Amino acid sequence: MTDRATPNLPSRNFTETEAFYSRAGFTTTFKDAHWLILVRGDLTLEFFPHPGLDPDTSWFSCCLRLDNVDAFYAILLAAGIEEKRAGLPRLHPPEVQSSGMKIGALLDGDGTLIRLIGN
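Take this note's numbering: the last position of the sequence shown gets the number 116, and nothing is skipped along the way.
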C-alpha cells in the first residue's frame, strides 16, 4: 500500500452525510457511532461526529487533487448540487487561477469547503 493522507471532516449527521456524498458516487466502507469512511475510486473522506457544528461559521476544509476537475465537477452538477453564491450545499465552478492551476469548490451541507484542484 502506498502512503497517503485522508481528510478528517465534521458531520452533524452521518446518515445525511452518506446520502449527500453518495450522490457523487462515494460509497461507505466503514460506519459506526464515532467514525464514517466514504470512498470513490482513489478518493477517501473520513468524518467524525460534530452535532453542534454551525455550518455558517465552519472553517473545516480539504483539497481533492483530481486528474480531471471538469469531469468530477460535472458529476457534482448531475447529482443536483447547484452553483450559487450563498446557501449550502453549493458549487463554485473550476477556473484557471493566476498560478495556472484549475480550482473549483464544493461546500457541503455542514459548511465544509472541499477544494477541487487539478493535478
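Note that CB positions come from ideal geometry on N, CA and C, so glycine has one too. In this text the structure is predicted, and so the values were computed from the model without any measurement.
Minimum C-alpha distance to Cys59 - residue among Pro7, Asp0, Leu110, Asn116: Leu110
Coil, strand or helix - Ala16 by DSSP: helix
Spatial distance of Pro48 from Leu6 (CA atoms): 12 Å
Neighbour flag for Ser95 against chain D, beta carbons, 8 Å: Among the chains in the structure shown there is no chain D, since it carries only a single protein chain.
For Ile72, the first and last residue of its enclosing alpha helix (DSSP H): 66 to 75
Exposure of Asp39, with buried meaning 16 or more beta-carbon neighbours within 10 Å: exposed
Extent of the continuous beta strand (DSSP E) to which Asn5 belongs: 5 to 8
Exposure of Asp64, with buried meaning 16 or more beta-carbon neighbours within 10 Å: exposed
Option in Arg112, Gly115, Asn116, Asp107 with minimal Cα separation from Glu13: Asp107
Length of the line joining the Cα atoms of Tyr70 and Gly101: 8 Å
Closest Cα partner of Ala2 within the set Phe57, Ser55, Asn116, Thr41: Thr41
Beta strand (DSSP E) segment containing Phe45, residue limits: 40 to 46
Buried versus exposed call for Val66 [16 or more other C-beta atoms within 10 Å across all chains shown]: buried
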